[in-house]
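Counting from 26, one number per residue, gives the positions in the sequence shown under my numbering.
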Amino acid sequence: RGDIYLSIDDTIKGLEDYNLAVNVDKTNEETYEKRAQLFYQLERIEDSNADFKKMIELNPANVLGYMGIGRNARDAEDYPQAIEHFTKAIQLEPEYSSGYSFRAECLLEQKKYVQAADDIIKALSIDYDNKAYYMMYLFPEEQLPLIIMKLQAQSVNDPHNGAWTYYTGQLYEQNHNYFEAIEAYNKALEIDNEPDILKDIADCYNKLGQPDKAAEAMDKALALDPDNIQYVMRKAIFVDAAGDHDKAISLWSDVIEQLPDFYYAYYCRGFIRKNTKQYDEALTDMEKSLLLQPDELSVLLTKADILTLKGETDKAMDTYRQITELDSIPTDESRAMYAWLALGEKDKAIDFMNQVIETDTLNEGNYYDAACLYARMGAFDTSIAYLHTAVEKGYNSFAHIMVDSDLDSLRQTPAFQEFYNQYQEQFEPRTVTKSIRGGNEGNVNNAETSEKIEIPFTPEQGCASVKCTINDLPLTFIFDTGASTVSLSQLEANFMLKNGYLKRDDFVGTGRFVDANGNISEDTIINLRNVEFGGLTLTNVKASVVRNQKAPLLLGQSVLGRLGSIQIDNTARKLIISR
């Protein structure tokens with residue numbers, strides 16, 4: 026009953042019932058834990074500690090008792106005591122990841138970076154501990170090489186786990202080292218051919234001002250997960266930034282077809298139409314967007330700008346006034362400064378812009394908005410000064426600077442040319458020479474070639490059966506575009522293990538999979554060192570062992586996505602791979 030009271034936020038009655046529960050049974054550790062946590066939430070720390078100590082008194086091996094006292098000590102900034110209790114919890118339960126991640130937090134506060142990094146790696150290695158994951162980002166910039174070296178060392182010790190190089194990529198990306206991030210992501214992709222890794226690669230390319238390569242990466246992600254509408258939206262943004270506005274409009278139309286009540290899709294399509302001077306269609310999109318999200322400031326501002334461009338001044342002014350009424354409290358989402366300027370209230374626009382900046386002086390986007398505002402009013406010297414500040418604060422969307430209509434006039438000035446020259450490397454980034462990989466494809470997937478490979482197949486129950494060798498064992502697989510991964514039967518795996526085609530260290534974990542009938546089964550994950558067919562060689566291919574003795578060997582999208590474009594010629598009974 027106390028639990029129910031707390032679920033409806035009645036802490037008084039909840040505590041009363043916990044007290045009654047303790048009086049009924051003074052030996053129940055779980056009840057003391059619940060009350061200790063409630064005392065913690067009520068900021069009655071001494072009472073909370075007393076209950077945690079009672080738990081330990083009842084059971085000296087109670088890990089949560091030590092964790093609770095440690096957590097309370099951490100909050101009090103008594104880090105040595107906190108570390109002492111977390112260490113005790115770890116000694117009692119060495120595979121309890123939270124002990125390491127909480128201790129790492131205290132070690133970081135004491136600037137003991139090496140020990141903190143070791144605890145983070147340990148917590149991640151146990152169960153990908155979320156707290157440990159976020160603790161990585163708290164290392165100061167000068168300590169970034171330390172945590173990266175620790176991750177690299179772990180990737181050597183655990184070579185079949187792509188998480189370590191993936192974490193490295195995320196740290197590089199977080200610190201704006203996009204070339205290094207792409208390289209790390211590609212290494213992770215060699216191990217785990219996951220579409221989300223390609224999405225991260227795409228984001229890095231976009232931040233480097235290479236939206237065409239970003240779109241290419243999203244194409245590969247969509248090949249692995251074609252129904253992911255988020256990927257389609259990302260591709261639309263990148264395609265537009267690359268200058269193919271018609272394609273971007275088409276992609277946003279695809280999104281709208283699948284999500285007809287998603288306001289943002291109409292806004293994005295309309296924004297592109299506005300920039301390409303399709304004002305009537307753009308205005309229609311903004312109206313639809315506002316039907317779904319009536320008070321969205323960005324949509325209202327774009328609508329007002331379109332009305333101004335169409336010469337419908339009265340309607341535009343009404344919309345600008347609506348923005349000032351809705352947007353009276355400055356935030357980093359504000360658009361009232363633009364509206365005040367359009368209404369002829371220049372001083373109010375400047376004052377509002379200054380207040381927006383004051384709400385968050387570290388937000389680079391606020392300074393970029395100021396650059397756009399002053400460019401609109403023709404104050405180019407002030408605009409370029411704010412643009413410099415935005416970049417110094419961390420703004421790095423240089424591709425957007427070159428297409429933003431607010432900066433059209435500014436880009437014609439000598440001041441902007443000087444700005445461009447200063448940041449020329451960012452505006453004209455060097456090209457990453459390595460192709461976007463889809464795994465460790467043994468140079469199969471080289472984006473610079475256009476070779477075609479024809480592989481014969483045998484029809485088998487409506488599928489294509491192809492001869493192959495796995496770790497030098499001749500087998501036949503079913504070419505299955507509907508399967509997400511590679512799978513083989515337990516019978517085949519046992520034969521391979523007993524006859525030396527699989528080694529013990531090829532067994533790398535377990536995972537949960539859903540079959541075509543919707544049944545979930547837990548499968549062993551193995552690493553196939555070599556898969557050869559049709560003259561192609563793939564290395565380090567993840568596969569699941571299905572506990573069905575008669576299951577065929579299936580080659581799914583985790584490999585197919587690494588090969589390139591695939592066609593099936595049923596007449597000639599050939600698979601045609603273009604790469």
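Where a beta carbon is used, it is the ideal one built from N, C-alpha and C, also for glycine.
Contact check for ILE108 against LEU133 fails: the beta carbons are separated by 8 Å or more. Taking the C-beta atoms as reference points, GLN177 is found no nearer than 8 Å to TYR138. Its Cα nearest to that of TYR420, the residue LYS232 stands out among THR384, LYS232, ASN253, GLY581. In the three-state scheme derived from DSSP, where H, G and I count as helix and E and B as strand, PRO236 is classed as helix.
Look at the beta carbons and you see the region 509–524 not touching the region 432–450: under three pairs across the two are nearer than 8 Å. The straight-line gap separating the alpha-carbon atoms of VAL264 and GLN116 is approximately 53 Å.
For the 8 Å CB-CB criterion, LEU325 and GLN347 form a contact. DSSP places PHE502 inside the beta strand (DSSP E), whose first and last residues are 498–504. Three or more pairs of CB atoms, one per stretch, sit closer than 8 Å, so the region 118–127 contacts the region 147–159. Ranked by how close their Cα comes to the Cα of CYS488, the residues TYR392, ASP594, ARG259 have ASP594 in first place. Between ASP376 and ARG401 the beta-carbon gap is near 16 Å, outside 8 Å, which marks them as no contact.
When the five nearest sequence neighbours on each side are left out, the beta carbons in the same chain lying within less than 8 Å of the beta carbon of ASN253 are those of PRO220, ALA246, LEU247, in order along the chain. Take THR36, set aside five residues on each side of it, and the residues of its chain with a beta-carbon closer than 8 Å to its own are TYR30, LEU63, GLN66, LEU67, in chain order.
DSSP, read as helix, strand or coil, puts PHE287 in coil. By the Cβ criterion, the region 384–393 is not in contact with the region 364–374, since fewer than three pairs of Cβ atoms, one from each stretch, lie closer than 8 Å. Taken in chain order, the complete alpha helix (DSSP H) segments of 4 or more residues contained in the region 396–452 are 405–418, 423–426, 439–447, 449–452.
The beta carbon of LEU223 lies closer than 6 Å to those of ALA242, LYS245, ALA246 in the same chain, with the five residues before and after it left out. With contacts defined as CB atoms closer than 8 Å, LYS328 and MET311 qualify as a contacting pair. By the neighbour-count criterion, in which 16 or more other beta carbons inside 10 Å mark a residue as buried, GLY560 falls on the exposed side.
Our two residues, THR193 and GLN451, have alpha carbons roughly 23 Å apart in a direct line.
About 6 Å separates the beta carbon of ASP357 from that of ASP385, a gap short enough to meet the 8 Å contact definition. Annotation for SER73: the continuous alpha helix (DSSP H) segment containing it runs 70–83. Assigned with DSSP and collapsed to three states, ALA568 falls in strand. In the structure shown, ILE262 falls within a helical segment according to DSSP collapsed to helix, strand and coil. A check of alpha carbon separations from GLN318 across TYR291, LEU579, ALA273, ILE151 identifies TYR291 as the nearest. Excluding residues up to 5 positions away in sequence, GLN199 lie with their Cβ nearer than 7 Å to the Cβ of TYR162 in the same chain. DSSP lists SER569, LEU579 as the beta-bridge partner residues of SER512. Straight-line spacing of the CA atoms in TRP189 and PRO105 works out to 30 Å. Under the three-state reduction of DSSP output, SER490 falls in the strand class.
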